[in-house]
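Reviewing the structure listed below.
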Amino acid sequence: MSQTPSGALEARIARLEAIEAIKSLKARYWYCCDSKDVEGVRDCFLEGPIEIHYDGPVELVNHRDRLHEVFKNVACQTHIVEMHHGGPPRIEIHGPNDASGRWGLVYHLMDTKAQTISVVGGYYDDEYKRVGDEWLISKARFKVCSAVTYGWKDAALRLLHSGPSLPA
Amino acid sequence: MSQTPSGALEARIARLEAIEAIKSLKARYWYCCDSKDVEGVRDCFLEGPIEIHYDGPVELVNHRDRLHEVFKNVACQTHIVEMHHGGPPRIEIHGPNDASGRWGLVYHLMDTKAQTISVVGGYYDDEYKRVGDEWLISKARFKVCSAVTYGWKDAALRLLHSGPSLPA
Amino acid sequence: MSQTPSGALEARIARLEAIEAIKSLKARYWYCCDSKDVEGVRDCFLEGPIEIHYDGPVELVNHRDRLHEVFKNVACQTHIVEMHHGGPPRIEIHGPNDASGRWGLVYHLMDTKAQTISVVGGYYDDEYKRVGDEWLISKARFKVCSAVTYGWKDAALRLLHSGPSLPA
Numbered sequence: 001m002s003q004t005p006s007g008a009l010e011a012r013i014a015r016l017e018a019i020e021a022i023k024s025l026k027a028r029y030w031y032c033c034d035s036k037d038v039e040g041v042r043d044c045f046l047e048g049p050i051e052i053h054y055d056g057p058v059e060l061v062n063h064r065d066r067l068h069e070v071f072k073n074v075a076c077q078t079h080i081v082e083m084h085h086g087g088p089p090r091i092e093i094h095g096p097n098d099a100s101g102r103w104g105l106v107y108h109l110m111d112t113k114a115q116t117i118s119v120v121g122g123y124y125d126d127e128y129k130r131v132g133d134e135w136l137i138s139k140a141r142f143k144v145c146s147a148v149t150y151g152w153k154d155a156a157l158r159l160l161h162s163g164p165s166l167p168a
Numbered sequence: 001m002s003q004t005p006s007g008a009l010e011a012r013i014a015r016l017e018a019i020e021a022i023k024s025l026k027a028r029y030w031y032c033c034d035s036k037d038v039e040g041v042r043d044c045f046l047e048g049p050i051e052i053h054y055d056g057p058v059e060l061v062n063h064r065d066r067l068h069e070v071f072k073n074v075a076c077q078t079h080i081v082e083m084h085h086g087g088p089p090r091i092e093i094h095g096p097n098d099a100s101g102r103w104g105l106v107y108h109l110m111d112t113k114a115q116t117i118s119v120v121g122g123y124y125d126d127e128y129k130r131v132g133d134e135w136l137i138s139k140a141r142f143k144v145c146s147a148v149t150y151g152w153k154d155a156a157l158r159l160l161h162s163g164p165s166l167p168a
Numbered sequence: 001m002s003q004t005p006s007g008a009l010e011a012r013i014a015r016l017e018a019i020e021a022i023k024s025l026k027a028r029y030w031y032c033c034d035s036k037d038v039e040g041v042r043d044c045f046l047e048g049p050i051e052i053h054y055d056g057p058v059e060l061v062n063h064r065d066r067l068h069e070v071f072k073n074v075a076c077q078t079h080i081v082e083m084h085h086g087g088p089p090r091i092e093i094h095g096p097n098d099a100s101g102r103w104g105l106v107y108h109l110m111d112t113k114a115q116t117i118s119v120v121g122g123y124y125d126d127e128y129k130r131v132g133d134e135w136l137i138s139k140a141r142f143k144v145c146s147a148v149t150y151g152w153k154d155a156a157l158r159l160l161h162s163g164p165s166l167p168a
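So the sequences go chain by chain: A, B and C. Residue numbers for the first sequence follow the numbering used here, so the first one is 1 and each next one is one higher. Residue numbers for the second sequence follow the numbering used here, so the first one is 1 and each next one is one higher. Residue numbers for the third sequence follow the numbering used here, so the first one is 1 and each next one is one higher.
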């Protein structure tokens with residue numbers, strides 16, 4: 001039997017735990033987005049200066065307290081239903097408190113007022129910091145690779161939504 | 001070098017192994033669904049009382065032996081092609097034999113008789129039990145967040161399917 | 001406290017690390033595909049004889065240096081935008097240098113010349129080898145489960161693409 005020092009094993013376990021914690025954080029972030037839970041989204045980000053940069057109509061956000069405003073103006077409209085579907089990531093742990101990750105995303109945005117459905121594919125380049133026992137997002141940049149908008153007004157299309165904030 | 005007792009390290013490894021086993025279980029479950037492999041689906045669930053509750057036309061199922069019936073009436077029709085595409089999960093290990101998890105899902109249902117394609121987004125809230133060395137699903141609740149049905153009869157749409165149980 | 005030998009713990013950690021490395025490899029592979037980075041795709045495969053077998057128009061490929069040709073003829077056309085969105089895998093580690101995995105995939109192919117969008121669902125059955133510290137793909141077989149092609153010429157559909165190699 002090898003006599004690997006337990007400290008060396010512990011460092012390897014800690015790395016795997018950090019990767020799992022970051023994956024779980026990102027899953028929680030998307031769940032909060034789809035649930036229009038703005039407080040929950042905010043709590044996924046570092047307190048203090050951050051960078052959130054999403055391609056499209058959303059400006060650079062540099063503090064998590066500004067997210068409320070962004071969400072209110074876009075996602076939290078009752079005629080908007082979103083679906084964030086993440087793909088497999090590459091997480092890199094750079095130090096005990098520093099990590100980065102790249103994630104694929106397929107994003108559906110349904111606008112019941114404009115009667116359109118957009119399907120967007122792209123990739124996040126994220127950075128993460130650990131504060132105490134918790135990993136948080138410190139940077140998130142999303143780049144669109146492909147985007148299609150379907151109109152259902154004139155097409156053989158029917159929307160059956162039951163999103164969390166939709167009018168009856 | 002730290003002198004962490006090996007028992008403490010082992011508990012941390014066991015937690016990571018449990019998370020991986022549960023992820024693998026859920027991947028197997030979806031693969032069996034898409035393959036119309038009812039026995040395979042059944043074997044993902046605990047023997048004894050369980051709860052499966054999916055939004056929609058499927059009633060509460062409280063034993064894995066009742067799944068056969070449900071599948072026969074819905075998924076295993078030759079005119080139905082399904083695609084279950086899971087997203088990143090949050091798995092929580094509550095004890096050596098108890099866990100829970102939340103998973104995003106994008107689900108496509110193609111009905112070649114009705115000539116429609118439905119795209120459904122939603123989330124599972126699952127519970128898992130370990131029996132011997134094997135993790136099994138003891139509760140699964142799926143809530144729909146968004147659902148769109150496309151008709152292709154009158155639209156510029158062409159279905160090229162090669163699903164496992166489709167007629168030639 | 002248990003007195004598990006550190007060598008036994010190390011083997012369990014190494015297994016989890018191998019699983020994570022393979023997941024990360026596959027995420028990198030898909031990212032390179034979507035970025036039309038042929039060199040990057042090539043570097044995900046083993047040097048020497050391999051097997052890549054994808055349902056559809058792509059022939060069996062038995063060396064990673066032949067991928068360039070395949071990509072040039074299909075994916076790297078400027079009128080083709082692709083999106084590879086992987087699902088949760090089942091990874092099995094068979095030995096220190098041998099593993100296999102099954103992955104779901106939802107694949108979008110947008111052809112701006114033919115004015116069609118195809119959405120394909122299917123599963124990969126992969127094999128992996130470790131060479132030095134690096135896991136590489138030695139076999140990849142992709143089977144289509146479902147495929148739909150939408151035409152947008154005559155439908156209420158608008159394509160807003162910003163893919164990496166698209167004409168302005």
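Beta carbons are placed, not taken as given, at the ideal position from N, Cα and C, and that holds for glycine. Source: prediction; values computed, not measured.
- Within chain C, the C-beta atoms nearer than 7 Å to that of Ile13/B come from Leu9, Arg12, Ile13, in chain order.
- Residue range 116 to 131 is occupied by the beta strand (DSSP E) that includes Ser118/A.
- Judged by DSSP secondary structure, Glu92/C falls outside any alpha helix (DSSP H) and instead within the beta strand (DSSP E) spanning 80 to 95.
- Taken through DSSP and simplified to helix, strand or coil, Leu105/A comes out as strand.
- In this structure, the beta-carbon distance from Val119/A to Val148/A falls below 7 Å.
- His84/B sits buried, since 16 or more C-beta atoms from the chains shown fall within 10 Å of its C-beta.
- A buried status is given to Val81/A, since no fewer than 16 other beta-carbon atoms sit within 10 Å of its beta-carbon.
- When DSSP states are grouped into helix, strand and coil, Cys44/A belongs to the coil group.
- In the three-state reduction of the DSSP assignment, Ala75/C falls in the coil class.
- The continuous stretches of alpha helix (DSSP H) do not include Glu59/C, and DSSP gives it neither H nor E.
- With a threshold of 7 Å between beta carbons, Gly121/A makes no contact with chain B.
- When rounded, the separation of the alpha-carbon atoms in Asp37/A and Gly132/C is 46 Å.
- DSSP lists no beta-bridge partner residue for Ser6/B.
- Sequence-distant Cβ neighbours of His79/B in its own chain, meaning closer than 7 Å and more than five residues away, are Asp111, Thr112, Lys113.
- Judged by their CB atoms, Gly101/C and Pro88/C are not nearer to each other than the 7 Å cut-off.
- Annotated as proximal: Lys129/C and Leu46/C, with beta-carbon spacing under 7 Å.
- At a cut-off of 7 Å, the C-beta of His63/C has no neighbouring C-beta in chain A.
- By the rule that beta-carbons nearer than 7 Å mark a contact, Val81/C touches chain A.
- For Ser24/B and Ala99/A, the gap between their C-alpha atoms comes out near 25 Å.
- Neighbours of Leu16/C across chain A, judged by C-beta separation under 8 Å: Leu16.
- Neighbourhood of Tyr31/B in chain C, by CB distance below 8 Å: Arg90, Arg102, Gly104, Tyr123, in chain order.
- For Ile52/A, the enclosing beta strand (DSSP E) begins and ends at 51 to 54.
- Around the C-beta of Gly48/B, fewer than 16 other C-beta atoms lie within 10 Å, and the residue is accordingly described as exposed.
- Using a Cβ-Cβ cut-off of 7 Å, Ala27/A counts as an interface residue toward chain B, since at least one Cβ of chain B sits closer than that to its own.
- With respect to the C-alpha of Ser138/C, the residue from Ser146/C, Ile52/C, Tyr29/C having the closest C-alpha is Ile52/C.
- Residue burial is scored here from C-beta neighbours: Lys26/B has at least 16 other C-beta atoms within 10 angstroms and is therefore classed as buried.
- Between Gly87/A and chain C, the shortest Cβ-Cβ separation is below 7 Å.
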